[in-house]
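The numbers in the numbering used here rise by one with no breaks, and the one at position 79 of the sequence shown is 79. Worksheet: the structure to be examined is printed underneath.
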Amino acid sequence: MRGSARVKDTSPYSASYLVIAGGGAGGYYANAGGGGAGGYQEGTSTLTSGTTYAVTVGAGGAGTGAGRGGSGSTSSALGISSTGGGGGGGPQPNQNGASGGSGGGGSSDAFDPPIGLGGAGTSGQGNNGSDGNGAGGAGGGGGGAGAAGAISNGGAGSASSITGTSVTRAGGGGGYPSGSGGAGGGGASGVAGTVNTGGGGGAADNKSGGSGVVILSVPTSRYTGITTGSPTVTTSGLNTILTFTSSGSYTA
C-alpha cells in the first residue's frame, strides 16, 4: 500500500532580519566631524509563501570635496527601511553634522566659529553625533548604532548574532584630528568606513561611509533557495542565513 504524498507546507512562517543602511561620509578638511553610522534595525517578520521580497542594500555616503560629507543611502527588506547615516560637518556654511540613521559629528570650525552641532540619530535606528569641541578644537565623532558620538571619537556599533556568531556593525566615524572610529566598522579620522557594515567615514578628507548590509535568517525546513543578487548562503543550527551585500530578492 502506498503512503500518502507529502503536502508542501505553504503556511506563513517567521524569519529574522538585520537591515543596516550605508554610513555617512566624514566632513572635509581640518576640524571636520566624522560620519554617522547607517540606520540599524533587527527583529522578526512573518513571510508569506510564494511572495518575492525585494532587498535593497544602501551605498555609503561619498565625499563632497568640500564642506559636509555626503549621507549614506537607505537599506530595506521585508517592509523594514533603515535610514542612511548623516554626513560629518565641515567648514562653514555646512559645519553641522547631518541627521540620519545615526547623526554625523559637527565641525569645530577653526576658521569661522561657532562650532558645528552633531546631527540627530533616528529613534530605534541609531544615535546622535557629537558637537565639535570649540574653535580650533577637535571635530565631533559620528553616532553609532550602540552609542552616541563623543568629542573626536565615533560611537560604538551594535552586536548581532543573526549569523550564529556575534558581530558588531554600524560604528560611527572619528572626528579630526585623530579620533578613533566606533567599534563595528567606523573609520578613524582619515579612514573610510568598512564596507558592508554601515560604518561612518572618518573626518579630514571626506572619507566615504561603509556600504550597508541586509541579513535574513529563515528556517532551513522552509528555505526555498530562490534568490537574486547572489547573497552568501550559510547555515546556523536550524536556520539558513542569507547575507546580501548588494541588492536582490528572496522568494519565500
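A virtual CB, placed ideally from N, CA and C, is assigned to each residue, including glycine.
What first and last residue would you give for the beta strand (DSSP E) that runs through G248?
-> 248-251
For my contact list, Y53 and A77 are in at a C-beta cut-off of 8 Å; report their separation, rounded to the angstrom.
-> 6 Å
Which of helix, strand or coil DSSP assigns to S160 = DSSP places S160 in strand when its eight states are reduced to three.
Would you report the Cα separation of G137 and S108, rounded to the nearest angstrom?
-> 6 Å
Under three-state DSSP, which class holds T194?
-> coil
With respect to the beta strand (DSSP E) encompassing S82, which residues constitute its N-terminal and C-terminal limits?
-> 80-82
Beta strand (DSSP E) segments (min. 3 residues) lying fully within the segment 201-225 = 213-219
Could you name the residues of the same chain whose beta carbon sits closer than 6 Å to that of G140, not counting the 5 residues immediately before and after it, in chain order?
-> Same-chain partners within the cutoff: G33, G105, G106, G118, G129, S130, D131, G132, G149, G175.
How long is the line joining the alpha carbons of A62 and T44, rounded to whole angstroms?
-> Going by C-alpha positions, A62 is about 31 Å away from T44.
Buried or exposed by the 16-neighbour rule on C-beta atoms within 10 Å, applied to T165 = exposed
Through-space distance from T235 to G210, alpha-carbon basis = 26 Å
Would DSSP call I20 helix, strand or coil?
-> strand
Neighbourhood of G87 by C-beta, 6 Å cutoff - its chain only, sequence neighbours within 5 removed = G24, A25, G35, G61, R68, G69, G70, S71, A98, G104.
Give the single residue among A252, G79, S208, S161 whose Cα lies nearest to the Cα of G237.
-> Across the set A252, G79, S208, S161, the C-alpha of S161 shows the shortest separation from the C-alpha of G237.
V233 in three-state terms, based on DSSP = V233 falls in the strand class under three-state DSSP.
When we look at the beta-carbon of T224 and count the other beta-carbons within 10 Å, is it buried (16 or more) or exposed?
-> Answer is exposed; the Cβ neighbour count stays below 16.
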